[in-house]
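Chemist: Listed in order, the protein sequences are those of chains A and B. Here the first sequence stands for residues 17 to 173, numbered as in the working numbering. Here the second sequence stands for residues 2 to 398, numbered as in the working numbering.
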Amino acid sequence: MNENTIIDRIKELLGEKVVEITLQRSRRIFLIVSPENLLETIRILKNDLGFYHISTISGVDRTKDFEILYHLANNQTSLTVRVSVSRENPEIQSVCEVIPGAILYERELQDMLGIKVINIPDPRPLVLPDDWQQGNYPLRKDWSYKSPEEKIPGEKQ
Amino acid sequence: MRRIKIPIGPQHPALKEPISLRMTIEGELIKDADIKLGYNHRGIEKLAESKTFIQNIYLMERICGICSHSHTTCYVQGVETLCELEVPRRGLYLRALVCELERIHSHCLWLGVAAHEAGFDSLFMYTWRDREVVMDLLETISGNRVHYAINTIGGVRRDINIAQKERILEGIQFLKKRIEYYTNLGTTEPTFVARIAGVGVLSKEKTMSLCAVGPTLRASGVASDIRKDDPYAAYSEIPFEICTADTCDVLGRVVVRVKEVIESIKIIEYIIRNLPDGEIKVKAPRKVKEGEVVSRYEAPRGENIHYIKSNGTDKPERLKVRAPTLANYPATIEMLKNCFIADIPLIFAAIDPCICCAERFVEIIDKRKGSSEILRMSDIKKRYTNKEIKRDAVWPF
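1) Along the chain, where does the alpha helix (DSSP H) containing SER107 of chain B start, and where does it finish?
2) What does a CB cutoff of less than 8 Å around ASN18 of chain A pick up in its chain, not counting 5 residues either side in sequence?
3) Considering only C-alpha positions, which residue in the set B:VAL257, B:ASP226, B:GLY201 is nearest to GLU335 of chain B?
4) Using 9 Å as the threshold, is the C-beta distance between LEU112 of chain B and ARG258 of chain B below it?
5) On a Cα-Cα basis, can you pick out the residue from B:LYS52, B:GLN12, B:LEU93, B:VAL80 that is closest to LYS282 of chain B?
6) Note down the Cα distance separating THR189 of chain B from ASN41 of chain B, rounded to an integer number of angstroms.
7) CB-CB under 7 Å to PRO154 of chain A, same chain, minus the five flanking residues each way: which ones, in chain order?
8) In angstroms with no decimal places, state the Cα-to-Cα distance between ASP64 of chain A and ALA234 of chain B.
9) Is the CB of PRO331 of chain B under 9 Å away from at least one CB in chain A?
10) Pull up the CB-CB distance for SER265 of chain B and ARG104 of chain B, whole angstroms please, since I reckon it's below 8 Å.
11) Terminal residues of the continuous beta strand (DSSP E) containing LYS9 of chain B?
12) Is it the case that the Cβ atoms of GLY117 of chain A and CYS212 of chain B are separated by a distance below 9 Å?
13) Give the DSSP bridge partners of LYS203 of chain B, in chain order.
14) Should TYR330 of chain B and LEU38 of chain B be called a contact, given that it needs their Cβ atoms to be closer than 9 Å?
15) Could you round the C-beta distance between GLY215 of chain B and ASP250 of chain B to whole angstroms and report it? I think they count as a contact, below 8 Å.
16) Since VAL223 of chain B contacts LYS207 of chain B with CB under 8 Å, what's their CB separation in whole angstroms?
17) With 9 Å as the limit, tell me which residues of the segment 30-57 of chain A have their beta carbon closer than that to any beta carbon of chain B; keep them in chain order.
18) State the Cα-Cα distance for the pair PHE121 of chain B and PHE193 of chain B, rounded to the nearest angstrom.
19) Check whether the Cβ of ASN152 of chain A lies closer than 9 Å to any Cβ atom in chain B.
20) What residue does the beta strand (DSSP E) around PRO346 of chain B start on, and which one ends it?
21) With distances taken Cα to Cα, identify the nearest neighbour of ASP226 of chain B among B:ILE45, B:VAL88, B:LYS47, B:GLU299.
22) In the structure shown, what three-state DSSP assignment does GLY222 of chain B receive?
23) Between MET128 of chain A and chain B, is the shortest Cβ-Cβ distance under 9 Å, so that the two count as touching?
24) Could you round the C-beta distance between TYR149 of chain B and SER69 of chain B to whole angstroms and report it? I think they count as a contact, below 8 Å.
25) Taking Cβ positions only, does CYS357 of chain B come closer than 9 Å to chain A?
26) Could you give the distance in angstroms between the alpha-carbon of ILE142 of chain B and the alpha-carbon of GLY292 of chain B?
27) Let me know the alpha helix (DSSP H) ranges lying completely inside the segment 66-149 of chain A, each 4 residues or longer, listed in chain order.
28) What are the boundary residues of the alpha helix (DSSP H) that includes HIS72 of chain B?
29) Against chain E, which members of the segment 55-83 of chain B pass a CB distance test of less than 9 Å?
30) Is ARG228 of chain B helix, strand or coil by DSSP?
31) Measuring only the C-alpha atoms, how far is LYS6 of chain B from GLU36 of chain A?
32) Thinking C-beta only, is VAL77 of chain B closer than 9 Å to THR153 of chain B?
33) With H, G and I counted as helix, E and B as strand and the rest as coil, what does DSSP make of VAL259 of chain B?
34) Using the Cα positions of VAL134 of chain B and GLU50 of chain B, report the straight-line distance between them to the nearest angstrom.
35) I believe TYR121 of chain A touches ILE73 of chain A by the beta-carbon criterion, under 8 Å. Please report the beta-carbon distance rounded to the nearest angstrom.
36) What residue from A:GLU104, A:VAL114, A:GLN150 has the CA that sits closest to SER210 of chain B's CA?
Have a look at this one:
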């Protein structure tokens, strides 16, 4: 099955759910869907087209909104499903019930960008420390870190 | 039987890197496992947004000390796609050469650690001695043993000459003999096989649904290798086989890695004998065109993926890195369940839990209320002695 047959099959199976589908270069397909259709899309892609593997989930802060990219793969090609969520209310459905291996990436997404994942099986923070202040999301573009002034014991301040 | 929770790490004599494992055990059996990460989170993705594309090569190299070439290759081939650069064939072959040498050194290291955890220390010492041969070859090519710094955007930074070629061939001839000996030893020595067979079993379906990668996936009988599925560098021109095993246990993972070393040796021989002539790199622009790219790479530990988004300046808008080990954690948790405590180091390979020196948790059961809570030793001290623990000690002058 080459990329064009896969694209045709996706169009056929998903119908109106496809907002846009492009072939960027060989073995790189990008698919845009709306957030409410995400879970159903992933389910169809896994069951009918064999995209069983999720490589990772990337979150991008585009200032006006957040873009979430699900990098799926099967043995022939890599497919990126793209959804965007609003900045005021960043929420996305969990895909763990279809692909259980996505759990760590969803937890990382919650930590680093503050996108709330609904129905996530395990909502604990993954990479940020336990005493991290609420509401600080390091990968947002408006977040920056100022390191505290260094105190050397015994030196005059 | 009562369940007890044992924390292993983050600071632990057996752990080389900080990670915290929490094992819920019932007698000798592990009933549940949990992993806590973040002790080594350095914020590289945020940092990468403030560095130029060239500076980021060296930042990517420092993600990992063992597969440093994997991250830079994954990153530079993504940037090359964004810049629409055509890398010369000789450059691609040299990239693949360093990549395979790195795979040999990484697998030799792993084999040694696995042998050590299984109590076969002679094999550990032999493999680590032979690993020095590969490290020397890498030093001959790049000048460095760990961070090779051979990649640059548009190709590689150093060429090899005839003398170096001969040295590489000589080195891998020696390794070939040694690895054949280890294959024989690792798969037929009865005590070693008895220790690793049937440990950490994970079915093919589970491995696939938990999205494991690399040798872990291939040891469960899934023939998936990015070098074949999604060829990069020179791999579309190099003949090689995907190594799999269908035992789904630690023995299978040993077999896959040993077979892969033999394949890597064949690939290196092919590269040296068929190295094309010509340039090794092309000049790359400082600013990168606007766009996005998904770059995949088969690191020694499995699939490595970088997502790069550029905005037309000399710095990336977003750089997402997913290293293979993260993808294997959900599968590891599943493997540990219903295994013995004694199998933790084997399954976790490089991790040797010293249970008695790990920080202890105590479960306190209120008999009248029937409730129970899990407390740390330090919490109990605080609660019952009511003494504040002194923190941030002041220098005595």
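Glycine included, each C-beta is placed from N, C-alpha and C at the ideal position.
Modeler: Let's see:
1) Start and end: 90-118.
2) Taking C-beta separations shorter than 8 Å and ignoring five residues to either side along the sequence, the partners of ASN18 of chain A in its chain run GLN92, following chain order.
3) The closest CA to that of GLU335 of chain B, considering only B:VAL257, B:ASP226, B:GLY201, is found on B:GLY201.
4) Yes; because the gap between Cβ atoms is below 9 Å, this pair is in contact.
5) Minimum Cα distance to LYS282 of chain B is reached at B:LEU93.
6) About 39 Å.
7) These residues qualify, in order along the chain: MET128.
8) Computed Cα separation, rounded: 31 Å.
9) The beta carbon of PRO331 of chain B falls within 9 Å of a beta carbon belonging to chain A, placing the residue at that interface.
10) That belief holds up - the Cβ atoms of SER265 of chain B and ARG104 of chain B are roughly 5 Å apart, short of 8 Å.
11) Residue identity check: residue 9 of chain B is Ile in the sequence provided, not Lys. Annotation: the continuous beta strand (DSSP E) that includes ILE9 of chain B extends over 4-9.
12) Against a cut-off of 9 Å, the Cβ pair of CYS212 of chain B and GLY117 of chain A comes out as a contact.
13) As written in the sequence, residue 203 of chain B is Leu, which differs from the Lys given in the question. Answer is none; LEU203 of chain B lacks a bridge partner.
14) Taking C-beta atoms as the reference points, TYR330 of chain B and LEU38 of chain B count as a pair closer than 9 Å.
15) The C-beta separation of GLY215 of chain B from ASP250 of chain B comes to about 16 Å, leaving the pair out of contact by the 8 Å criterion.
16) About 11 Å; that fails the 8 Å criterion.
17) The residues in question are GLN40, ARG41, ARG43, ARG44, PHE46.
18) It is roughly 7 Å from the alpha-carbon of PHE121 of chain B to the alpha-carbon of PHE193 of chain B.
19) With its beta carbon at least 9 Å from every one in chain B, ASN152 of chain A lies outside the interface.
20) Where PRO346 of chain B is concerned, there is no enclosing beta strand (DSSP E), although the alpha helix (DSSP H) it sits in stretches over 345-348.
21) The candidate whose alpha carbon is nearest that of ASP226 of chain B is B:GLU299.
22) DSSP, read as helix, strand or coil, puts GLY222 of chain B in coil.
23) Chain B contact via Cβ: present.
24) The beta-carbon distance between TYR149 of chain B and SER69 of chain B, rounded to whole angstroms, is 6 Å. This is short enough to meet the 8 Å contact definition.
25) With a pLDDT of 22 at CYS357 of chain B, under the threshold of 50, the modelled position of that residue is not reliable, and no figure is offered here.
26) Whole-angstrom Cα-Cα distance: 34 Å.
27) Runs of alpha helix (DSSP H) with 4 or more residues, each lying fully within the segment 66-149 of chain A, are found at 119-129, listed in chain order.
28) Unbroken alpha helix (DSSP H) run through HIS72 of chain B: 69-84.
29) In summary, chain E is missing from the structure at hand, where the protein chains are A and B.
30) Judged by DSSP in its simplified three-state form, ARG228 of chain B adopts helix.
31) A straight line joining the alpha-carbon of LYS6 of chain B with that of GLU36 of chain A spans about 49 Å.
32) In terms of Cβ geometry, THR153 of chain B and VAL77 of chain B form a close pair [threshold 9 Å].
33) In this structure, DSSP gives VAL259 of chain B a helical state, which the three-state scheme calls helix.
34) A straight-line Cα-Cα distance of about 38 Å links VAL134 of chain B and GLU50 of chain B.
35) So it is a contact: roughly 4 Å between Cβ atoms.
36) Of the candidates A:GLU104, A:VAL114, A:GLN150, A:VAL114 places its Cα closest to the Cα of SER210 of chain B.
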